[in-house]
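Residue numbers (the numbering used here), protein chains in the order written: chain X, 122 to 547; chain C, 122 to 547.
The beta carbon of each residue, even a glycine, is placed where N, CA and C say it ideally should be.
The model shown is predicted, which means the values in this text are computed figures rather than measured ones.
Protein chains: 2
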Amino acid sequence: MAIVKDAKLGLSDLVRGVAQKEGVDPEFVRKGVANGRIVIPSNPVHSPDPCGIGEGLSVKVNVNIGTSRDIQKIEEELEKARIAVRYGADTIMDLSTGGDIDLVRKKIIETVRVPVGTVPIYQTGLKAARESAVVDMDEDDIFNGIVKHAKDGVDFMTVHCGITEESVEYLKKSKRVTDVVSRGGSFLVAWILYNEKENPLFKNFEYLLELATEHEFALSLGDGLRPGCIHDATDGPQLQELIILGDLVRRAREKEVQVMVEGPGHVPINQIEANVRVEKTVCDGAPFYVLGPLVTDIAPGYDHISGAIGGALAAYFGADFLCYVTPAEHLSLPDVEDVKEGLIASKLAAHAADLGKGRGLERDLRMAQARKALDWERMFKEALDPEKGRLYRSRGVTKESEGCSMCGDVCAIKILRDYLKKDGVC
Amino acid sequence: MAIVKDAKLGLSDLVRGVAQKEGVDPEFVRKGVANGRIVIPSNPVHSPDPCGIGEGLSVKVNVNIGTSRDIQKIEEELEKARIAVRYGADTIMDLSTGGDIDLVRKKIIETVRVPVGTVPIYQTGLKAARESAVVDMDEDDIFNGIVKHAKDGVDFMTVHCGITEESVEYLKKSKRVTDVVSRGGSFLVAWILYNEKENPLFKNFEYLLELATEHEFALSLGDGLRPGCIHDATDGPQLQELIILGDLVRRAREKEVQVMVEGPGHVPINQIEANVRVEKTVCDGAPFYVLGPLVTDIAPGYDHISGAIGGALAAYFGADFLCYVTPAEHLSLPDVEDVKEGLIASKLAAHAADLGKGRGLERDLRMAQARKALDWERMFKEALDPEKGRLYRSRGVTKESEGCSMCGDVCAIKILRDYLKKDGVC
Numbered sequence: 122m123a124i125v126k127d128a129k130l131g132l133s134d135l136v137r138g139v140a141q142k143e144g145v146d147p148e149f150v151r152k153g154v155a156n157g158r159i160v161i162p163s164n165p166v167h168s169p170d171p172c173g174i175g176e177g178l179s180v181k182v183n184v185n186i187g188t189s190r191d192i193q194k195i196e197e198e199l200e201k202a203r204i205a206v207r208y209g210a211d212t213i214m215d216l217s218t219g220g221d222i223d224l225v226r227k228k229i230i231e232t233v234r235v236p237v238g239t240v241p242i243y244q245t246g247l248k249a250a251r252e253s254a255v256v257d258m259d260e261d262d263i264f265n266g267i268v269k270h271a272k273d274g275v276d277f278m279t280v281h282c283g284i285t286e287e288s289v290e291y292l293k294k295s296k297r298v299t300d301v302v303s304r305g306g307s308f309l310v311a312w313i314l315y316n317e318k319e320n321p322l323f324k325n326f327e328y329l330l331e332l333a334t335e336h337e338f339a340l341s342l343g344d345g346l347r348p349g350c351i352h353d354a355t356d357g358p359q360l361q362e363l364i365i366l367g368d369l370v371r372r373a374r375e376k377e378v379q380v381m382v383e384g385p386g387h388v389p390i391n392q393i394e395a396n397v398r399v400e401k402t403v404c405d406g407a408p409f410y411v412l413g414p415l416v417t418d419i420a421p422g423y424d425h426i427s428g429a430i431g432g433a434l435a436a437y438f439g440a441d442f443l444c445y446v447t448p449a450e451h452l453s454l455p456d457v458e459d460v461k462e463g464l465i466a467s468k469l470a471a472h473a474a475d476l477g478k479g480r481g482l483e484r485d486l487r488m489a490q491a492r493k494a495l496d497w498e499r500m501f502k503e504a505l506d507p508e509k510g511r512l513y514r515s516r517g518v519t520k521e522s523e524g525c526s527m528c529g530d531v532c533a534i535k536i537l538r539d540y541l542k543k544d545g546v547c
Numbered sequence: 122m123a124i125v126k127d128a129k130l131g132l133s134d135l136v137r138g139v140a141q142k143e144g145v146d147p148e149f150v151r152k153g154v155a156n157g158r159i160v161i162p163s164n165p166v167h168s169p170d171p172c173g174i175g176e177g178l179s180v181k182v183n184v185n186i187g188t189s190r191d192i193q194k195i196e197e198e199l200e201k202a203r204i205a206v207r208y209g210a211d212t213i214m215d216l217s218t219g220g221d222i223d224l225v226r227k228k229i230i231e232t233v234r235v236p237v238g239t240v241p242i243y244q245t246g247l248k249a250a251r252e253s254a255v256v257d258m259d260e261d262d263i264f265n266g267i268v269k270h271a272k273d274g275v276d277f278m279t280v281h282c283g284i285t286e287e288s289v290e291y292l293k294k295s296k297r298v299t300d301v302v303s304r305g306g307s308f309l310v311a312w313i314l315y316n317e318k319e320n321p322l323f324k325n326f327e328y329l330l331e332l333a334t335e336h337e338f339a340l341s342l343g344d345g346l347r348p349g350c351i352h353d354a355t356d357g358p359q360l361q362e363l364i365i366l367g368d369l370v371r372r373a374r375e376k377e378v379q380v381m382v383e384g385p386g387h388v389p390i391n392q393i394e395a396n397v398r399v400e401k402t403v404c405d406g407a408p409f410y411v412l413g414p415l416v417t418d419i420a421p422g423y424d425h426i427s428g429a430i431g432g433a434l435a436a437y438f439g440a441d442f443l444c445y446v447t448p449a450e451h452l453s454l455p456d457v458e459d460v461k462e463g464l465i466a467s468k469l470a471a472h473a474a475d476l477g478k479g480r481g482l483e484r485d486l487r488m489a490q491a492r493k494a495l496d497w498e499r500m501f502k503e504a505l506d507p508e509k510g511r512l513y514r515s516r517g518v519t520k521e522s523e524g525c526s527m528c529g530d531v532c533a534i535k536i537l538r539d540y541l542k543k544d545g546v547c
């Protein structure tokens with residue numbers, strides 16, 4: 122099965138599946154996949170439930186999980202994966218960097234029916250780093266890592282193809298404060314500087330496209346030079362990399378390889394719309410996958426909220442895919458609770474963006490009707506997190522069967538019920 | 122001391138105090154106060170630290186606290202007030218509706234040096250409601266309540282003057298789902314319907330202005346008809362009330378009474394900018410004080426995040442004053458932890474909006490520099506919540522003295538430090 126090729130020919134089951142889930146015309150999805158504006162990550166080895174990402178579809182949310190050198194409990198990562206799916210994650214990325222990385226990846230792919238993504242260079246780089254140094258990564262190892270992930274069933278992979286010898290020179294001259302905050306990006310910048318050679322993922326991009334065609338995984342072009350703070354947002358190195366990614370999008374499309382583009386990061390509110398519009402122009406409408414973006418640097422412990430603000434705005438302006446951020450961002454590996462909190466913040470942002478574009482309004486209307494009726498069970502049913510709703514309400518030790526402990530007997534809804542009889546409306 | 126009158130004559134100490142705190146020209150603040158675009162709530166009985174709200178100043182955040190019928194612990198409310206001040210609340214509103222309401226208010230005013238606001242109709246209405254019915258409120262009692270609060274030192278008061286017999290008729294014909302969700306609004310709508318008389322706060326607005334002049338409190342014109350769900354946002358009843366508030370702003374300014382305007386509530390992302398621009402036009406630039414706004418209805422337990430998204434956007438487009446929302450919104454009275462979480466979400470939103478307008482960038486730069494240096498103490502110092510940052514980092518059981526448990530040895534900053542030597546930059 123070749124997703125883009127098939128879409129050019131007619132309606133495939135995958136395309137129909139996405140259209141049904143989104144409540145849109147299958148022909149719309151088919152055209153989007155054929156022209157690259159919609160991506161459906163689906164490696165036949167994994168064959169996840171259909172998930173479309175891109176123009177005209179609902180905003181999707183990704184959850185990053187995975188071990189680190191310091192925390193390597195496989196069962197906990199699987200629990201994170203299950204919680205993520207339960208609360209509506211559209212995709213999961215396994216970013217493991219500790220313990221038996223191959224095993225974690227395989228277990229996650231086995232466990233979830235949503236598309237799974239990885240960043241293969243992490244594994245290649247840290248193996249080199251732990252044996253000698255990250256700059257000793259072998260070119261073949263980089264591609265072998267990608268093949269290994271593909272054979273395990275990974276549906277989409279982040280590849281930092283846009284970092285080049287030229288962009289590293291440009292970075293050296295820049296006034297950036299935080300230089301490089303992408304882990305994969307730092308591996309490749311270091312590798313280029315030390316080896317004085319071109320980035321293998323850029324130099325051999327055609328080979329990468331062959332692998333993607335053979336194994337049918339989607340590419341997610343990483344933004345290794347994304348800004349790491351508000352000061353660095355929308356600067357030269359970021360935009361220069363984006364221009365290169367735009368070229369690579371066109372090359373991938375020529376070969377009928379599915380491709381998305383990753384974006385920042387840290388962006389102040391006044392630059393978010395511009396970031397989305399520039400990506401959509403430079404990359405010819407390729408699905409835009411943003412990390413956050415975080416709208417301030419001063420919120421450690423609350424970066425999920427910072428990311429929800431930026432994500433809602435980015436998605437409203439056209440970003441298609443939000444990578445969640447947890448409260449642990451910048452501080453530690455997230456635990457299960459952090460994963461849930463981060464995911465719900467991001468789902469909230471995605472839904473708010475959808476509402477802003479007129480999508481998904483029915484659910485909010487049902488919630489409003491339940492509130493008007495003071496029907497708590499219906500409210501919890503429509504809530505992003507029914508359990509938390511119940512917890513807060515029970516905690517309030519209300520004496521009311523209908524109202525809550527905030528207003529008690531001075532509940533606006535109850536007062537109006539007695540006095541406001543609406544004309545022709547019950 | 123008459124704040125507006127004084128500002129028309131020259132620089133007062135209050136004006137100078139605000140200018141110093143904001144880092145702006147005192148003449149700018151003086152003009153803003155004189156023409157009503159800046160409000161400095163300051164009742165001489167309380168005489169809080171100077172706090173300016175309005176055009177050209179940093180975005181301010183209010184924290185609501187107060188007892189309810191079900192939860193009446195005065196000491197817990199005082200603890201909320203202290204926590205709020207500690208984490209940067211600019212003002213506190215006491216919305217108590219349970220226990221010894223007079224005592225709670227007096228204690229809060231004694232405890233905090235930030236301006237304190239109240240909604241006097243709550244106390245009047247619930248006294249009537251508990252004795253007979255809210256519609257039995259006596260007109261004199263409504264004004265006597267206001268005088269009592271003023272004499273206690275309340276710096277600003279929400280008064281629902283914009284609900285009129287006409288707007289109630291309009292409401293009855295509307296297709297609203299949640300009708301009225303403002304408590305004060307519901308009291309007055311019920312009162313008007315039952316008594317078939319005009320809203321005393323509207324009818325006797327000139328008398329209210331006399332009281333405000335005599336006791337020197339600022340008015341915050343409540344939006345009793347604010348939408349209570351996404352479906353009702355920016356509808357006829359809301360806008361009709363706003364037009365009335367615009368007229369009342371002009372009348373207040375004629376009498377040199379300080380006045381702000383309250384706004385929604387529940388607003389989808391695509392209508393937030395319009396809401397701010399309409400208020401600024403219709404109310405001639407009067408400071409705009411918004412509750413949230415919440416960008417979706419389906420987030421019980423996470424409404425502080427919904428409010429942070431809406432608040433950041435509203436403030437970026439010109440709202441001056443954000444009323445925080447806690448995770449307990451719609452579910453129960455918030456506890457101390459909820460107050461803190463809600464406040465920080467709102468502070469984050471206010472700061473993000475300030476950054477978007479080019480204000481406050483230095484703090485984010487210091488944070489970025491601390492991150493680049495992996496200097497954790499400096500990071501915590503710049504954080505909105507140093508304690509939470511420390512907690513997350515310590516929880517990560519990192520083996521690294523410099524990095525964190527997320528990336529461990531594959532920390533982008535550490536890798537780059539070894540390989541990237543920037544030209545002329547250390």
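Can you name the residues of chain C whose CB is closer than 8 Å to the CB of X:Lys-318?
Numbered from its first residue, the first sequence carries residue 318 of chain X at position 197. Correct list: empty, because the minimum Cβ distance to chain C is about 14 Å.
What residues in its chain sit with their C-beta under 7 Å from that of C:Pro-236, if we drop five residues either side in the sequence?
Along the second sequence, read from residue 1 onward, the residue named residue 236 of chain C stands at position 115. Answer for C:Pro-236: Pro-162, Ser-163, Pro-169, Cys-172, Thr-212, Asp-276 and Phe-277, listed in chain order.
Using the rule of at least 16 other Cβ atoms within 10 Å of the residue's Cβ for burial, across every protein chain shown, is C:Leu-130 buried or exposed?
Position 9 of the second sequence, counting from 1, holds the residue named residue 130 of chain C. With fewer than 16 Cβ atoms within 10 Å of its Cβ, C:Leu-130 is classed as exposed.
So what does DSSP say about X:Val-546, is it helix, strand or coil?
Taking the first sequence and counting its residues from 1, the one referred to as residue 546 of chain X is at position 425. Only weak support is given to the placement of X:Val-546: the predicted model assigns it a pLDDT of 45, under 50, and the value that follows is read from those uncertain coordinates. Correct three-state label for X:Val-546: coil.
Using Cβ-Cβ distances below 8 Å, what residues of the region 482-498 of chain C are close to chain X?
Leu-482, Arg-484, Asp-485, Leu-486, Met-488, Ala-489, Gln-490, Arg-492 and Lys-493
For C:His-472, does the three-state DSSP call read helix, strand or coil?
Taking the first residue of the second sequence as position 1, residue 472 of chain C is located at position 351. In the structure shown, C:His-472 sits in a helix (DSSP, three-state: H, G or I).
List the whole-angstrom C-beta distance separating C:Asn-316 from C:Val-256, where the pair is believed to meet the contact cut-off of C-beta under 8 Å.
Here residue 316 of chain C refers to the residue found at position 195 when the second sequence is read from its first residue. Here residue 256 of chain C refers to the residue found at position 135 when the second sequence is read from its first residue. For C:Asn-316 against C:Val-256, the beta-carbon gap comes to about 6 Å, under 8 Å, which counts as contact.
Per DSSP, which one or two residues make a beta bridge with C:Gly-238?
Residue 238 of chain C sits at position 117 when you count from the first residue of the second sequence. Beta-bridge pairing links C:Gly-238 to C:Met-214 and C:Phe-277.
At which residue ranges does the region 429-488 of chain C contain complete beta strand (DSSP E) runs of 3 or more residues, listed in the order of the chain?
442-444
So, are the CB atoms of C:Thr-299 and C:Gly-349 less than 8 Å apart?
Stepping through the second sequence from its first residue, residue 299 of chain C is reached at position 178. Stepping through the second sequence from its first residue, residue 349 of chain C is reached at position 228. Taking 8 Å as the Cβ cut-off, C:Thr-299 and C:Gly-349 qualify as a contacting pair.
So which of C:Val-301, C:Ile-192 and C:Gly-477 has the shortest CA-CA distance to X:Tyr-540?
Reading the first sequence from its first residue, position 419 is the one you call residue 540 of chain X. The residue with the shortest Cα to Cα distance from X:Tyr-540 is C:Val-301.
Give the residues of chain C in contact with X:Ile-430, contact being defined as C-beta atoms less than 7 Å apart.
Indexing the first sequence from 1 puts residue 430 of chain X at position 309. Ala-429, Ile-430, Ala-433, Ala-470 and Ala-473, listed in chain order.
Are the CB atoms of C:Lys-376 and C:Leu-330 nearer to each other than 8 Å?
Walking along the second sequence from the start, residue 376 of chain C turns up at place 255. Walking along the second sequence from the start, residue 330 of chain C turns up at place 209. Yes.
To which residues does DSSP link X:Ala-339 through a beta bridge?
Stepping through the first sequence from its first residue, residue 339 of chain X is reached at position 218. Paired residues: X:Phe-277.
Report the rounded CA-to-CA distance for X:Lys-152 versus X:Gln-361, giving the unit in angstroms.
Here the question's residue 152 of chain X lines up with position 31 in the first sequence. Here the question's residue 361 of chain X lines up with position 240 in the first sequence. The straight-line gap from Cα to Cα measures roughly 30 Å.
Would X:Ser-526 be called buried (16 or more neighbouring beta carbons within 10 Å of its own) or exposed?
Position 405 of the first sequence, counted from the first residue, corresponds to residue 526 of chain X. Buried is the call here.
Use the C-beta contact count for C:Asn-265: other C-beta atoms within 10 angstroms, 16 or more gives buried, fewer gives exposed.
If you number the second sequence from 1, residue 265 of chain C lands on position 144. Looking at its Cβ environment, which holds fewer than 16 other Cβ atoms inside 10 Å, C:Asn-265 is exposed.
Which bits of chain X does C:Tyr-437 rub up against, with CB to CB less than 8 Å?
In the second sequence, counting from the first residue as 1, residue 437 of chain C sits at position 316. Under the 8 Å cutoff, chain X gives Ile-390 and Asn-391.
Would you say C:Val-255 lies against chain X (beta-carbon separation less than 8 Å)?
As a working mapping, residue 255 of chain C is identified with position 134 in the second sequence. C:Val-255 counts as touching chain X.
Report the CB separation of C:Asp-405 from C:Arg-371 in whole angstroms; it is logged as a contact under 8 Å.
Position 284 of the second sequence holds residue 405 of chain C. Position 250 of the second sequence holds residue 371 of chain C. So it is a contact: roughly 7 Å between Cβ atoms.
Any chance you could list the beta strand (DSSP E) runs of at least 3 consecutive residues sitting entirely within the region 149-182 of chain X, in chain order?
none
Anything in the region 401-418 of chain C with a Cβ closer than 8 Å to a Cβ of chain X? List those residues in chain order, please.
Val-416, Thr-417 and Asp-418
Give the straight-line distance between the Cα atoms of C:Gly-157 and C:Val-380, rounded to the nearest whole angstrom.
Position 36 of the second sequence, counted from the start, is the residue given in the question as residue 157 of chain C. Position 259 of the second sequence, counted from the start, is the residue given in the question as residue 380 of chain C. Near 7 Å, if we compare the C-alpha coordinates of C:Val-380 and C:Gly-157.
Under 7 Å Cβ to Cβ from X:His-451, same chain only, skipping five residues before and after it: list those, please.
Working through the first sequence from its first residue, we reach residue 451 of chain X at position 330. If we look at X:His-451 and ignore the five residues flanking it on each side, its Cβ neighbours are Pro-421 and Asp-424.
Express the C-alpha separation of X:Glu-198 and X:Glu-508 in angstroms, rounding to a whole number.
Within the first sequence, the letter at position 387 stands for residue 508 of chain X. Within the first sequence, the letter at position 77 stands for residue 198 of chain X. Each residue's alpha carbon lies about 22 Å from the other.
For my contact list, X:Glu-394 and X:Gly-384 are in at a C-beta cut-off of 8 Å; report their separation, rounded to the angstrom.
Taking the first sequence and counting its residues from 1, one reaches residue 394 of chain X at position 273. Taking the first sequence and counting its residues from 1, one reaches residue 384 of chain X at position 263. That belief does not hold up - the Cβ atoms of X:Glu-394 and X:Gly-384 are roughly 13 Å apart, past 8 Å.
With a cut-off of 8 Å on the beta carbons, I'd call C:Glu-311 and X:Leu-537 a contact; round off their distance for me.
Position 190 of the second sequence holds residue 311 of chain C. Position 416 of the first sequence holds residue 537 of chain X. Before going further, note that residue 311 of chain C is Ala rather than Glu in the sequence given. Yes, C:Ala-311 and X:Leu-537 are in contact; Cβ-Cβ is about 7 Å, under 8 Å.
Where do the N-terminal and C-terminal ends of the beta strand (DSSP E) with C:Gly-384 fall, by residue?
Against the second sequence, residue 384 of chain C aligns to sequence position 263. First-last of the beta strand (DSSP E) with C:Gly-384: 380-384.
Could you check what DSSP says for C:Leu-495 in three-state terms: helix, strand or coil?
The residue labelled residue 495 of chain C in the question sits at position 374 within the second sequence. Reduced to three states, the DSSP call for C:Leu-495 is coil.
Examine chain X for any beta-carbon lying closer than 8 Å to the beta-carbon of C:Gly-131, and answer yes or no.
Counting from 1 along the second sequence, the entry for residue 131 of chain C is found at position 10. By this cut-off, C:Gly-131 is not an interface position.
Does the separation of the CB atoms of C:Leu-412 and C:Gly-386 fall below 8 Å?
As a working note, residue 412 of chain C is residue 291 in the second sequence. As a working note, residue 386 of chain C is residue 265 in the second sequence. Yes, the Cβ-Cβ distance between C:Leu-412 and C:Gly-386 is below 8 Å.
DSSP on C:Val-302, reduced to helix/strand/coil?
The residue you call residue 302 of chain C lines up with position 181 of the second sequence. Correct three-state label for C:Val-302: coil.
Consult DSSP for C:Tyr-540 and reduce its assignment to one of helix, strand or coil.
Here residue 540 of chain C refers to the residue found at position 419 of the second sequence. In this structure, C:Tyr-540 counts as helix in the three-state DSSP scheme.
Spell out whether any CB of chain X is found under 8 Å from the CB atom of C:Gly-422.
Looking up residue 422 of chain C in the second sequence gives position 301. For C:Gly-422, the answer is yes, since a Cβ of chain X falls inside 8 Å of its Cβ.
Name the DSSP beta bridge partners of C:Asn-185, please?
For this step, residue 185 of chain C is matched to residue 64 along the second sequence. In DSSP, C:Asn-185 forms a bridge with C:Met-214.
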